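Visitor: In my numbering, the protein residues as written are 48 to 271. Glycine included, C-beta positions come from ideal geometry on N, C-alpha and C. Just so we're clear, the structure is a prediction, and the values are computed from it rather than from any experiment. Below is a structure I'd like to ask you about.
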Ligand code: ADP
Ligand code: ADP
């Protein structure tokens, strides 16, 4: 079935680069949902589903969940009504196989629109991830030092409890960075070759990165 043109953004960047933070801020502005495969796996884990159970062993180690399950999950998610205009992809695709599958999924609606890549150093990634705290109920993301909630341990948005993700430990982060360079970084060349890649310096304040992203999406010059 052929569909009209939709907007699909793919956010690239090492774990901790700020993909989730930026995607959440962009949602209302663009009127597009953030699709975080990590969040969907965590939701399944929390609800003890078969998918959650399968994903757990991979997530705990920081390895990728198998492609077939992940791709099927994204296909299902894209069928939902809120994706009628497209989506902001956060954490998917994560390897070339997934990127090709995503191209096929979106081919009828114009394919991937733009791939902003947020860059930070590995040291910064480690600082960001080990200080990350996430709301148990709404998934809002904080940092104990760089983006703290008003009240320690409590979500500003809904009062939910903030927790440290199981996989946000230094050992797992090291493996996630390794997995990123080995499996995800080939996407940089892939999207560059398709003329879709735009690099954004992620070593700046959350608001500055957001402003640059919006300028980029509006088709204007990059803010430096
Ligand atoms: P990702 O989705 O790429 O893994 P997150 O959006 O979860 O990254 O951000 C990782 C951590 O870094 C979080 O604790 C978040 O609050 C913090 N963070 C995000 N962007 C910035 C920034 N520009 N400067 C400082 N800290 C940031
Ligand atoms: P981060 O951006 O902070 O690295 P995510 O929340 O995106 O973390 O992902 C957490 C974990 O969920 C990954 O380490 C991996 O095990 C699994 N995961 C998320 N997205 C994918 C994907 N596209 N393919 C395979 N596994 C994934």
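(1) Relative to the alpha-carbon of residue 64, which residue among 157, 220, 119 and 229 has its alpha-carbon at the smallest distance?
(2) I'd like the span of the beta strand (DSSP E) that includes residue 179, first residue to last.
(3) Fully enclosed by the region 96-162, which alpha helix (DSSP H) runs are 4 residues long or longer?
(4) Just to confirm, is the Cβ distance from residue 164 to residue 217 under 8 Å?
(5) Return helix, strand or coil for residue 57, following the three-state DSSP convention.
(6) What residues match up with residue 245 in a beta bridge as DSSP calls it?
(7) Ordered along the chain, which non-local residues of its own chain (more than five positions away) have a Cβ less than 7 Å from that of residue 243?
(8) Distance, Cα to Cα, residue 110 vs residue 101?
(9) Count the other CB atoms, across all protein chains shown, that sit within 10 Å of the CB of residue 145; report buried if there are 16 or more and exposed otherwise.
(10) Tell me the rounded alpha-carbon separation between residue 84 and residue 199.
(11) Given this structure, state the Cα-to-Cα distance separating residue 58 from residue 209, to the nearest angstrom.
(12) What residue from 255, 131 and 141 has the CA that sits closest to residue 155's CA?
(13) Out of 105, 116, 53 and 228, which has the shortest C-alpha to C-alpha gap to residue 148?
(14) How big is the Cα-Cα spacing for residue 189 and residue 106?
(15) Between residue 265 and residue 151, what straight-line distance do the alpha-carbon atoms span, to the nearest angstrom?
(16) Per the DSSP calculation, residue 210 is bridged to which residue(s)?
(17) Look at the alpha carbon of residue 55 and the alpha carbon of residue 136, and state the distance between them as a whole number of angstroms.
(18) Determine, using beta carbons only, whether residue 230 and residue 89 come nearer to each other than 8 Å.
(19) As a quick exercise: from 103, 185 and 81, pick the residue whose alpha carbon is nearest that of residue 91.
(20) In the structure shown, what three-state DSSP assignment does residue 222 receive?
(21) Give the single residue among 113, 185, 192 and 205 whose Cα lies nearest to the Cα of residue 176.
(22) Terminal residues of the continuous beta strand (DSSP E) containing residue 188?
(23) Name the two residues that bound the continuous alpha helix (DSSP H) containing residue 75.
(24) May I have the straight-line CA-CA distance separating residue 113 from residue 122, to the nearest angstrom?
Guide: Answer, in terms of the structure:
(1) Counted from its first residue, the chain shown places residue 64 at position 17. Out of 157, 220, 119 and 229, 220 has the C-alpha closest to the C-alpha of residue 64.
(2) Looking up residue 179 in the chain shown gives position 132. First-last of the beta strand (DSSP E) with residue 179: 179-182.
(3) 97-108, 114-125 and 143-153
(4) One-based indexing of the chain shown puts residue 164 at position 117. One-based indexing of the chain shown puts residue 217 at position 170. Against a cut-off of 8 Å, the Cβ pair of residue 217 and residue 164 comes out as no contact.
(5) Counting from one through the chain shown, the residue named residue 57 turns up at place 10. It is a strand residue.
(6) Numbered from its first residue, the chain shown carries residue 245 at position 198. Residue 245 pairs with 163.
(7) Here residue 243 corresponds to residue number 196 of the chain shown, with the count starting at 1. Cβ within range, chain order: 159, 161 and 162.
(8) Indexing the chain shown from 1 puts residue 110 at position 63. Indexing the chain shown from 1 puts residue 101 at position 54. Rounded to whole angstroms, residue 110 to residue 101 spans 12 Å at the Cα level.
(9) Sequence index remark: in the chain shown, residue 145 carries index 98 (1-based). Answer is buried; the Cβ neighbour count reaches 16.
(10) Mapped onto the chain shown, residue 84 falls at position 37. Mapped onto the chain shown, residue 199 falls at position 152. In a straight line, the C-alpha of residue 84 is about 27 Å away from that of residue 199.
(11) Taking the chain shown and counting its residues from 1, one reaches residue 58 at position 11. Taking the chain shown and counting its residues from 1, one reaches residue 209 at position 162. If you take the alpha carbons of residue 58 and residue 209, they lie about 24 Å apart.
(12) Position 108 of the chain shown, counted from the first residue, corresponds to residue 155. Nearest option by C-alpha distance: 131.
(13) In the chain shown, the residue the question calls residue 148 occupies position 101. That would be 116, whose Cα lies nearest to the Cα of residue 148.
(14) The residue given as residue 189 occupies position 142 in the chain shown. The residue given as residue 106 occupies position 59 in the chain shown. Roughly 20 Å between the two C-alpha positions.
(15) What you label residue 265 is simply residue 218 of the chain shown in a count that begins at 1. What you label residue 151 is simply residue 104 of the chain shown in a count that begins at 1. Roughly 26 Å between the two C-alpha positions.
(16) On the chain shown, residue 210 is found 163 positions in, with the first residue counted as 1. Residue 210 pairs with 181.
(17) Within the chain shown, the letter at position 8 stands for residue 55. Within the chain shown, the letter at position 89 stands for residue 136. Each residue's Cα considered, the two are about 7 Å apart.
(18) Numbered from its first residue, the chain shown carries residue 230 at position 183. Numbered from its first residue, the chain shown carries residue 89 at position 42. Contact: no.
(19) Position 44 of the chain shown, counted from the first residue, corresponds to residue 91. Ranked by how close their Cα comes to the Cα of residue 91, the residues 103, 185 and 81 have 103 in first place.
(20) Counted from its first residue, the chain shown places residue 222 at position 175. Per DSSP, reduced to three states, the secondary structure at residue 222 is helical.
(21) Counting from one through the chain shown, the residue named residue 176 turns up at place 129. For residue 176, the nearest C-alpha among the options comes from 192.
(22) For this step, residue 188 is matched to residue 141 along the chain shown. First-last of the beta strand (DSSP E) with residue 188: 188-190.
(23) To locate residue 75, count along the chain shown from 1; it is residue 28. Note, residue 75: alpha helix (DSSP H), 66-77.
(24) For the purposes of this step, residue 113 is taken as residue 66 along the chain shown, with counting starting at 1. For the purposes of this step, residue 122 is taken as residue 75 along the chain shown, with counting starting at 1. Roughly 15 Å between the two C-alpha positions.
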